[in-house]
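I have placed the structure first, in the form of structure tokens, so that the comments after it can refer back to it.
Chains as they are written, first to last, in our numbering: chain U, 1346 to 1663; chain Y, 1346 to 1663.
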């Protein structure tokens, strides 16, 4: 059993590196720090290396003292674990740490995982890698505490969109029950992770809502975000994340489009569909890609003409 | 044990009425319809009486064929169950049904419950009455199915704000695990209940965001909603629900205020605090009330003067 071999590897190692994927998210970081806290209890010497700074949202995570932004010249470790990382490219320049370690472990839940390590634990039915780390900590016989529970709660709740995505399973909820039992503070964490928004992002959302255009009897909604809008509220590129869902969630909307101006005549376009429209087919037309219900592409031209063109593409499949 | 007496009462009854509270919400309606679906399997004759029409959000609930908007002249029932109802006033005019029935049961989780029925099952640790109905259905030995699981999932997820409020317990998640196992469709229900918003409400939110005023280094945020704004987007009074949270969720905000114009010189004011400010003390000053972190009052005057007055009150306790 692969779990047994992973446990042996951990037991035999002294110095351990943990690597979540680049542009780390709640699952990658929460799982990594939870495992660090647990392995610390076994007397291990642990470092979690990340590619960029900790995102502001996750600065409250206990155990962030284990986290180090990787620069260069990797230390020698007995063991390295890559978490929530589908392939080696997702390690960024921390591939150096991976290459510099003899024994490597890959714990992940992506269907696209390339099984790139010496030992690979890939469970695609897991909603979050946090679930796999929960089970690993149990198998290691380490007791849970509030800090570990908090980190795993963040991992699982973020990767399931707050228990709302279709990846959420009975196991997700069973594990979460145990995390709350071990001290995870539901309302405090939820407020920090899901509710809090910067004033800049909120003001950008206000402008985005003002920009909404509705077509085809309410079945198509466009949001337009220009550079001028970003400048007006002092928002950054990342503040556009999720804005397309504002349009998708309007009652009756089947296709939602976010047009994000990049330069004077270049636009990044995000598509979402609610039920039956395959938006990846539209994105493909413009050398973009994605899934049936979430896709994107980049288009050049004059704003009004681009909108009209996309609208026509949508109308054909609506 | 009270549960045993409730089960006996149900077993002995043929015609059963179920009454959730007025202005029915996800827990009241979901619990009622879930119980109706379960008791139907026992061959009972069931009606769920509600005070107003089913809210649009919950029209997808299976088993809504059992639901009837009560008019007058109650039928005679062998047994009536009031669910999620703290006191008799919360039954509205359906008190007539209650008064017309010899055997009455009260199943609730409000700390303020007045134990108004023949048999009272009040568990204030339950996050939702949906949890109590889940346990009751188990004790009745009725098998769960997708419809019952869906209704109870709606009940529990709405009363916990999508598993985000502090009332969420390990038991909440254990029950939810079982509901998903029995067929509750997480992403479909979550989309319908939590994500979807009417265009009118969204446009009102856009105007509300535009109206945000920030004071005291970002620790106080005001949102103002005028009658003109409602008219502009065709929104209704109920579309103002939750708008105060938009201000409360801004990073760094301790006190959020929603000023809702009712007439030319009358304003309904909602307060929320994030951590330490007791907003009920401010609301009390104007003959309002509420809790430490959520309170409200009504104030008359000129808009700008009202704002300044409230702002001064807040500054004193900030």
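Think of the CB as a built atom: it goes at the ideal place given N, C-alpha and C, for glycine as much as any other residue.
Here residue 1570 of chain U carries a strand assignment [DSSP, helix/strand/coil].
Taking 9 Å as the upper bound on Cβ-Cβ separation, chain U lies near residues 1507, 1508, 1509, 1510, 1511, 1512, 1513, 1514, 1515, 1516, 1517, 1518, 1519, 1520, 1521, 1522, 1523, 1524, 1525 and 1526 of the region 1507-1529 of chain Y. With fewer than 16 other Cβ atoms inside 10 Å of its own Cβ, residue 1469 of chain U counts as exposed. Between residue 1565 of chain U and residue 1612 of chain U the beta-carbon gap is near 17 Å, outside 8 Å, which marks them as no contact.
Between residue 1520 of chain Y and residue 1501 of chain Y, the CB-CB gap stays under 8 Å.
In the DSSP assignment, residue 1638 of chain Y forms no beta bridge with any residue. For residue 1561 of chain U, the nearest beta carbon of chain Y is not closer than 8 Å to its own beta carbon. In the assembly as shown, residue 1574 of chain Y is a buried residue. Its beta-carbon has 16 or more other beta-carbons within 10 Å.
With the rule of 3 Cβ pairs closer than 8 Å, the region 1402-1420 of chain U counts as touching the region 1363-1380 of chain U. For the pair residue 1426 of chain U and residue 1450 of chain U, the CB atoms are nearer than the 8 Å cut-off. In the three-state reduction of the DSSP assignment, residue 1611 of chain Y falls in the strand class. Using a CB distance cut-off of 8 Å, residue 1532 of chain U counts as an interface residue toward chain Y. The beta carbon of residue 1597 of chain U lies closer than 6 Å to those of 1563 in the same chain, with the five residues before and after it left out. Spanning the alpha carbons of residue 1412 of chain Y and residue 1419 of chain Y requires a straight line of approximately 15 Å. Remark: C-beta atoms of residue 1394 of chain U and residue 1351 of chain U do not approach each other more closely than 8 Å. Secondary structure note for residue 1392 of chain U: its beta strand (DSSP E) is the uninterrupted segment 1390-1395. Any Cβ of chain U closer than 8 Å to the Cβ of residue 1618 of chain Y would place that residue at the interface, and such an atom is absent. For a cut-off of 8 Å, the C-beta gap from residue 1513 of chain Y to residue 1531 of chain U is around 5 Å, short enough to register as a contact. Straight-line spacing of the CA atoms in residue 1543 of chain U and residue 1416 of chain U works out to 29 Å. A direct Cα-Cα distance of roughly 16 Å separates residue 1494 of chain U from residue 1516 of chain Y.
In the DSSP secondary-structure assignment, residue 1600 of chain U is bridged to U/1565 and U/1618. The beta carbon of residue 1548 of chain Y falls within 8 Å of a beta carbon belonging to chain U, placing the residue at that interface.
In this structure, residue 1399 of chain U and residue 1409 of chain U form a Cβ contact; the two beta carbons are roughly 6 Å apart against a cut-off of 8 Å. Listed along the chain, the chain U residues whose CB falls inside 8 Å of the CB of residue 1539 of chain Y are 1509.
Inclusion of residue 1499 of chain Y and residue 1467 of chain Y in the CB contact set at 8 Å is not warranted, their separation being larger than that value.
Rounded to the nearest whole angstrom, the CA to CA distance from residue 1482 of chain U to residue 1487 of chain Y is 37 Å.
In this structure, DSSP gives residue 1542 of chain Y an extended state, which the three-state scheme calls strand. The beta carbon of residue 1558 of chain Y sits closer than 6 Å to those of 1567, all from its chain and outside the five residues before and after it, given in chain order. A residue is called buried once 16 or more other Cβ atoms fall within 10 Å of its Cβ, and residue 1636 of chain U, having fewer, is exposed. The C-beta of residue 1579 of chain U comes no closer than 8 Å to any C-beta of chain Y.
None of the residues of the region 1634-1651 of chain U has a beta carbon lying less than 7 Å from any beta carbon of chain Y. For residue 1400 of chain Y, no beta strand (DSSP E) encloses it, and the DSSP letter there is neither H nor E. Residue 1649 of chain U: member of the alpha helix (DSSP H) spanning 1648-1662, first to last residue. Straight through space, the alpha carbons of residue 1577 of chain Y and residue 1549 of chain Y are spaced by roughly 9 Å. By alpha-carbon distance to residue 1586 of chain U, the top candidate from U/1363, U/1545, U/1432 and U/1490 is U/1545. Looking at the DSSP output, residue 1365 of chain U bridges to U/1428.
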